[in-house]
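Residue numbers (the numbering used here): 178 to 505. Glycine included, each C-beta is placed from N, C-alpha and C at the ideal position. Given the structure is predicted, the values throughout are model-derived calculations rather than measurements. Data block below; observations after.
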Ligand SMILES: Nc1nc2c(c(=O)[nH]1)N[C@H]1C(S)=C(S)[C@@H](COP(=O)(O)O)O[C@H]1N2
Ligand SMILES: [Mo]
């Protein structure tokens with residue numbers, strides 16, 4: 178996200194350095210198999226991979242929290258309805274290129290700063306215009322929800338994109354459980370607040386904690402997910418553990434991470450980015466190649482990992498699911 182009037186540190190996406198990818202996932206898995214290390218094991222020193230020698234001193238997936246009480250639910254069964262028009266992004270790339278301002282405004286730094294972040298125990302409070310106000314322990318909530326895996330495109334407003342396998346549950350299932358009142362028109366979500374565990378939150382030019390919102394029609398759309406896993410395992414911290422939103426027809430900033438509160442409200446709630454820079458980041462944020470950002474085109478996107486350029490699709494290619502929401 179770029180805030181011209183406040184910040185000198187922000188660079189246009191096209192000037193960002195390519196991620197350093199030193200080993201792809203398949204090679205990692207083969208290396209793990211060859212050494213008998215578990216998926217949480219640490220690979221240290223020199224490994225033979227495909228006859229080549231590879232030096233690797235960090236876990237294959239940085240930022241994975243210790244296995245939780247619901248870790249055995251991953252990988253969940255894939256829902257084959259959602260198919261991609263492009264290869265999946267390499268997990269090693271997606272895990273090292275994150276927007277999570279609570280840790281750093283620099284995407285390639287976030288994964289190095291999440292170690293102190295504690296994602297268990299974790300509660301999610303459900304409040305506002307709802308029949309059953311409740312505070313869930315995250316693992317109780319996950320056990321009650323139908324987990325599935327979906328392959329989705331994901332498009333950041335900065336014009337980079339990825340394609341990843343999320344694991345989560347439809348927000349519709351959650352809404353059926355807690356039963357918002359008919360007066361509830363919007364669902365508001367809030368991120369944790371803990372500057373001791375998240376160093377970026379010490380920067381008080383931002384209105385912490387991060388907050389977002391959807392209309393009830395958007396939240397209960399078939400595509401809208403609460404996500405608790407990625408690449409067949411629990412969510413990593415940098416992707417928003419233990420629970421985040423994913424709404425793939427909208428720009429990435431709508432997909433709020435590490436949620437602690439869900440509120441049902443009557444009025445359209447302000448959002449973090451629309452509060453900071455209203456002229457550039459509105460409430461709706463539907464992906465649209467024909468509506469440029471005030472400072473750059475949205476016509477194409479860069480696929481992280483390969484740096485391939487692709488035309489951006491209206492609603493990120495999900496018009497068949499969501500176009501009806503926006504017909505006037
Ligand atoms: N709490 C919180 N949620 C957030 C953000 C953030 O800074 N803080 N960044 C958003 C933006 S701009 C994007 S593009 C996505 C990035 O998700 P990813 O790192 O899993 O790719 O998270 C979104 N959710
Ligand atoms: Mo973003």
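- Remark: the shortest separation between the CB of residue 417 and any heavy atom of ligand 2 does not fall under 6 Å.
- Between the stretch 313-333 and the stretch 488-496 there are three or more inter-stretch CB-CB distances shorter than 8 Å, so the stretches are counted as touching.
- Taken atom to atom, the span from the alpha-carbon of residue 395 to that of residue 289 is near 34 Å.
- Excluding sequence positions up to five before and after residue 356, its CB lies within less than 6 Å of the CB of 308, 309, all in the same chain and listed in chain order.
- In this structure, residue 434 and residue 382 do not form a Cβ contact; the two beta carbons are roughly 19 Å apart against a cut-off of 8 Å.
- In the DSSP secondary-structure assignment, residue 338 is bridged to 332, 480.
- Secondary structure of residue 314 (DSSP, three-state): strand.
- With three or more CB-CB distances shorter than 8 Å, the stretch 341-361 counts as touching the stretch 400-409.
- In the DSSP assignment, residue 442 forms a beta bridge with 363.
- Residue pairing by DSSP places residue 300 opposite 314 in a beta bridge.
- The C-alpha of residue 269 is placed about 31 Å away from the C-alpha of residue 439.
- Within 6 Å of the C-beta of residue 430 there is at least one heavy atom belonging to ligand 2.
- DSSP places residue 348 in the uninterrupted alpha helix (DSSP H) bounded by 348-355.
- Rounded to whole angstroms, the separation of the alpha carbons of residue 275 and residue 339 is 11 Å.
- In this structure, the CA atom of residue 320 is about 20 Å from the CA atom of residue 295.
- For residue 368, the Cβ falls inside the 6 Å cut-off from some heavy atom of ligand 1.
- Here residue 392 is near residue 363, since their CB atoms are less than 7 Å apart.
- Look at residue 406 here: in three-state DSSP terms it is strand.
- By the Cβ neighbour-count rule, residue 443 is exposed, with fewer than 16 other Cβ atoms within 10 Å of its own.
- Residue 319 sits in a helix when the DSSP states are folded into three classes.
- For residue 431, the secondary structure class from DSSP, reduced to helix, strand or coil, is helix.
- By the Cβ rule, the stretch 446-464 does not count as touching the stretch 374-381, because fewer than three pairs are nearer than 8 Å.
- Within 6 Å of the C-beta of residue 454 there is not a single heavy atom belonging to ligand 2.
- Shortest Cα-Cα distance from residue 251 to any of 342, 337, 278 involves 342.
- In summary, residue 432 is buried, with 16 or more beta-carbon neighbours lying within 10 Å of its beta-carbon over all protein chains present.
- With respect to residue 324, residue 441 sits apart: the two C-beta atoms are not nearer than 7 Å.
- The beta carbons of residue 239 and residue 272 sit closer together than 7 Å.
- Looking at the DSSP output, residue 463 sits in a beta bridge with 427.
- Residue 405 is not a Cβ neighbour of residue 241, given a cutoff of 7 Å.
- Classified as buried, residue 408 has 16 or more neighbouring CB atoms from the shown chains inside 10 Å of its CB.
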